[in-house]
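I have placed the structure first, in the form of structure tokens, so that the comments after it can refer back to it.
2 protein chains.
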Amino acid sequence: MGRARTADVGELVAQARAGAPRAVARLISLVENAAPQLREVMAALAPHTGHAYVVGITGAPGVGKSTSTSALVTAYRRAGRRVGVLAVDPSSPFSGGALLGDRIRMSEHACDPGVYIRSMATRGHLGGLAWAAPQAVRVLDAAGCDVVLVETVGVGQSEVEIAAQADTTAVLVAPGMGDGVQAAKAGILEVGDVFVVNKADRDGADATVRELNHMLGLGEARAPGDWRPTIVRTVAARGEGLDDVVEALEGHRAWLAAHGRLAERRTRRAAREVEAIAVTALRARIADLRGDRRLAALATRIAAGTLDPYAAADELVAGLTGGA
Amino acid sequence: MGRARTADVGELVAQARAGAPRAVARLISLVENAAPQLREVMAALAPHTGHAYVVGITGAPGVGKSTSTSALVTAYRRAGRRVGVLAVDPSSPFSGGALLGDRIRMSEHACDPGVYIRSMATRGHLGGLAWAAPQAVRVLDAAGCDVVLVETVGVGQSEVEIAAQADTTAVLVAPGMGDGVQAAKAGILEVGDVFVVNKADRDGADATVRELNHMLGLGEARAPGDWRPTIVRTVAARGEGLDDVVEALEGHRAWLAAHGRLAERRTRRAAREVEAIAVTALRARIADLRGDRRLAALATRIAAGTLDPYAAADELVAGLTGGA
């Protein structure tokens with residue numbers, strides 16, 4: 001990387017830290033595109049991270065995640081916070097970008113300089129969500145956001161894990177979708193610190209709250225060091241209940257801090273981030289072999305049934321690490 | 001691994017090849033649990049694979065994937081084929097298993113010895129779907145299935161990719177779900193060889209077919225070597241149109257064979273499988289460091305902002321590969 005480009009990165013980081021939306025956008029695009037400059041960007045951002053409170057928001061399709069996120073932004077803005085939103089779409093691994101782009105998402109906040117909203121698509125690049133999302137959060141954190149909301153669809157293991165690696169994770173459900181079972185099926189019950197029953201004006205909201213209480217074992221005794229998940233009701237489309245959500249989130253944050261868990265969560269998140277970067281680096285070395293005759297030869301033998309995939313993988317790994 | 005266990009694996013593989021459902025179940029459980037014996041299992045299975053025609057089935061939640069898969073099994077059984085079904089649930093990475101287990105899925109086929117149905121959950125283990133699904137397909141293939149249907153939800157990048165790595169990929173849509181846009185958003189349009197408009201008795205089915213025609217560019221000229229995706233209408237809940245689906249799938253298979261593409265797809269699938277195993281092996285080495293003081297120390301420094309994640313990842317990778 002030449003000297004000119006290094007200067008560009010420094011400039012870009014400085015602008016992003018000053019809150020310039022275009023600089024923030026460019027840095028997140030570098031993440032999306034897995035640009036080689038990222039190493040430098042992250043080194044420059046590192047001293048300026050750790051301020052933002054990171055909230056994961058997840059739930060099945062149709063529970064009103066986007067509406068809730070938008071309403072939550074409004075609530076946080078009323079409280080004077082700078083808010084970043086990272087909406088991770090389950091977008092095409094093949095086509096050019098998120099179909100529902102930033103411009104048409106949450107348009108009510110479009111002109112608010114205290115809000116930065118970004119849809120991120122991670123199709124295509126090797127590391128996927130586990131690699132990209134934490135780095136985008138880092139950008140928003142360093143850009144001075146007080147709160148970063150990370151919204152993912154609660155279907156698919158990487159998607160759920162991203163929302164789970166927050167300081168606080170909010171799980172959205174809605175009445176009448178066989179919601180409890182759906183949520184459990186998607187593995188999102190276990191990751192929730194705060195549960196939001198959205199569309200709470202609908203029939204079945206009480207039943208949903210009861211079901212959640214039951215599935216979460218909220219009636220049972222709990223060890224003193226264990227967080228007892230909170231359940232909040234909202235009608236996000238009418239902006240109702242969002243201040244309660246903020247209160248519940250802040251309640252969990254205060255609990256984390258009081259029990260020394262915030263640092264613990266952040267250290268664990270950092271460890272997962274390092275792992276994702278390391279795995280991606282190794283995976284890239286393996287993917288570099290895609291055009292390679294050796295991999296093609298191994299694959300041909302596997303397809304013919306004359307070699308098993310483990311023996312083939314041994315050969316690949318041995319080639320990378322200089323001896324099995 | 002001791003001699004006794006080696007003998008067990010040989011016996012298990014022999015029973016599975018003879019079509020014993022319990023042996024097949026145990027082998028797939030070994031995959032699910034990432035058991036150490038898998039290396040041996042896959043070596044024993046390798047010479048007996050390559051017979052099955054692998055069909056990926058994907059689509060957004062609610063389009064009727066399970067119903068369609070079940071109806072497709074019926075259609076294939078009418079044609080005298082042995083069928084394996086691998087339903088990859090977006091299940092909990094945390095709890096003990098798929099909530100909708102094998103027993104309550106597709107109960108109409110429960111007593112048919114020519115059908116093997118398996119829901120597979122991959123939560124928890126390191127490689128995820130990319131690692132587990134192809135190995136489970138190998139088990140069903142070696143067990144003598146003529147057709148293996150791999151059903152995944154069309155949300156989440158790993159889920160879509162699994163369905164895409166088939167001989168033929170069927171994409172399900174249903175009218176009136178903003179289906180085209182949803183499908184495009186999930187990146188599933190690009191992977192379809194055959195499109196199934198399910199619930200075709202509903203209003204809007206014609207519009208959905210038109211929209212698909214448009215989005216797939218079916219009216220446009222196509223290079224002679226390019227497959228032109230087929231669109232089929234079904235009402236899976238009433239068993240209507242499934243023979244047409246079988247015909248469309250077989251049409252694509254014949255086209256692949258005639259154009260030398262079947263071997264090409266299988267070789268590519270084998271290459272991705274080897275990559276997934278190799279990446280998982282390397283990732284496991286990294287995850288082995290989770291209890292390690294070095295990773296904890298790096299993560300603590302990152303959380304404190306005194307180290308960036310790339311520099312930390314360099315240290316990890318250097319430790320694994322004996323020099324960056």
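The listed protein sequences derive, respectively, from chains A and B. Residue numbering for the first sequence is 1 to 324, as defined by the UniProt record's numbering. Residue numbering for the second sequence is 1 to 324, as defined by the UniProt record's numbering. No residue lacks a Cβ here, since even glycine has one placed at the ideal position from N, Cα and C.
Proximal residues of chain A, C-beta to C-beta of residue i below 8 Å
{"i": "residue 130/B", "result": "Residues of chain A passing the Cβ test: none, with the nearest at roughly 10 Å."}
{"i": "residue 263/B", "result": "303"}
{"i": "residue 238/B", "result": "Per Cβ cutoff of 8 Å: no residues; residue 238/B is ~23 Å from chain A at best."}
Amino acids of chain A, ordered along the chain, whose beta-carbon sits closer than 9 Å to that of residue i
{"i": "residue 311/B", "result": "39, 42, 43 and 46"}
{"i": "residue 283/B", "result": "275, 278, 279, 282 and 283"}
{"i": "residue 295/B", "result": "271, 274 and 275"}
Length of the line joining the Cα atoms of residue i and residue j
{"i": "residue 151/A", "j": "residue 247/B", "result": "41 Å"}
{"i": "residue 234/B", "j": "residue 169/B", "result": "16 Å"}
{"i": "residue 204/A", "j": "residue 61/B", "result": "21 Å"}
{"i": "residue 320/B", "j": "residue 285/B", "result": "7 Å"}
{"i": "residue 18/B", "j": "residue 144/B", "result": "8 Å"}
{"i": "residue 116/B", "j": "residue 52/B", "result": "13 Å"}
{"i": "residue 22/B", "j": "residue 77/B", "result": "21 Å"}
{"i": "residue 4/A", "j": "residue 29/A", "result": "The predicted position of residue 4/A is uncertain, since its pLDDT is 42 and thus under 50; a value taken from the coordinates is nonetheless stated next. Distance between the alpha carbons of residue 4/A and residue 29/A is about 19 Å."}
{"i": "residue 244/A", "j": "residue 214/A", "result": "22 Å"}
{"i": "residue 34/B", "j": "residue 68/A", "result": "38 Å"}
{"i": "residue 10/A", "j": "residue 308/B", "result": "15 Å"}
{"i": "residue 252/B", "j": "residue 228/B", "result": "9 Å"}
{"i": "residue 142/A", "j": "residue 48/B", "result": "55 Å"}
{"i": "residue 57/A", "j": "residue 158/A", "result": "14 Å"}
{"i": "residue 303/A", "j": "residue 120/B", "result": "23 Å"}
{"i": "residue 270/A", "j": "residue 220/A", "result": "33 Å"}
{"i": "residue 199/B", "j": "residue 226/A", "result": "47 Å"}
{"i": "residue 250/B", "j": "residue 256/B", "result": "10 Å"}
{"i": "residue 240/A", "j": "residue 109/A", "result": "18 Å"}
{"i": "residue 223/A", "j": "residue 259/A", "result": "13 Å"}
{"i": "residue 272/B", "j": "residue 283/B", "result": "16 Å"}
{"i": "residue 20/B", "j": "residue 79/B", "result": "22 Å"}
{"i": "residue 206/A", "j": "residue 129/A", "result": "35 Å"}
{"i": "residue 32/A", "j": "residue 66/B", "result": "34 Å"}
{"i": "residue 71/A", "j": "residue 264/A", "result": "29 Å"}
{"i": "residue 293/A", "j": "residue 26/B", "result": "36 Å"}
{"i": "residue 318/B", "j": "residue 8/B", "result": "39 Å"}
{"i": "residue 112/A", "j": "residue 238/B", "result": "52 Å"}
{"i": "residue 216/A", "j": "residue 254/A", "result": "21 Å"}
Closer than 7 Å at the beta carbon, the chain B residues around residue i
{"i": "residue 308/A", "result": "42, 43 and 46"}
{"i": "residue 316/A", "result": "274 and 278"}
{"i": "residue 334/A", "result": "In the structure displayed, chain A extends from 1 to 324; residue 334/A sits before or after that span and is not available."}
Contact check, residue i vs residue j, beta carbons under 9 Å
{"i": "residue 64/A", "j": "residue 287/A", "result": "no"}
{"i": "residue 231/A", "j": "residue 274/A", "result": "no"}
{"i": "residue 137/A", "j": "residue 147/A", "result": "no"}
{"i": "residue 167/B", "j": "residue 54/B", "result": "yes"}
{"i": "residue 24/A", "j": "residue 118/A", "result": "yes"}
{"i": "residue 218/B", "j": "residue 74/B", "result": "no"}
{"i": "residue 38/A", "j": "residue 135/A", "result": "yes"}
{"i": "residue 316/B", "j": "residue 295/B", "result": "yes"}
{"i": "residue 131/B", "j": "residue 280/B", "result": "yes"}
{"i": "residue 208/B", "j": "residue 173/B", "result": "yes"}
{"i": "residue 139/B", "j": "residue 278/B", "result": "no"}
{"i": "residue 299/A", "j": "residue 311/A", "result": "no"}
{"i": "residue 59/A", "j": "residue 188/A", "result": "yes"}
{"i": "residue 202/A", "j": "residue 176/A", "result": "yes"}
Nearest-angstrom Cβ-Cβ length linking residue i and residue j, presumed shorter than 8 Å
{"i": "residue 45/B", "j": "residue 83/B", "result": "That pair is no contact at about 19 Å."}
{"i": "residue 291/A", "j": "residue 305/B", "result": "About 39 Å; that fails the 8 Å criterion."}
{"i": "residue 194/B", "j": "residue 160/B", "result": "At roughly 15 Å, the Cβ-Cβ gap does not stay under 8 Å, so residue 194/B and residue 160/B are not in contact."}
{"i": "residue 88/B", "j": "residue 133/B", "result": "6 Å"}
Closer than 7 Å at the beta carbon, the chain A residues around residue i
{"i": "residue 222/B", "result": "Within 7 Å Cβ-Cβ: nothing; residue 222/B doesn't reach chain A, min ~18 Å."}
{"i": "residue 286/B", "result": "275, 278 and 279"}
{"i": "residue 300/B", "result": "267"}
Listed by chain order, chain B residues near residue i by CB distance under 9 Å
{"i": "residue 50/A", "result": "303, 304 and 305"}
Distance cut-off 8 Å: residue i Cβ against heavy atoms of the ligand ZN
{"i": "residue 153/A", "result": "As far as ligands go, the structure on display features none, and thus does not contain the ligand ZN."}
Mind pulling the beta strand (DSSP E) runs of 3 or more residues that sit fully within the segment 194-245 of chain B? 194-197 and 230-233
List in chain order: all unbroken beta strand (DSSP E) runs of 3+ residues lying wholly within the segment 10-82 of chain A. 53-59
Going residue by residue through the segment 267-297 of chain B, where are the continuous beta strand (DSSP E) segments of at least 3 residues, counting only ones entirely within it? none
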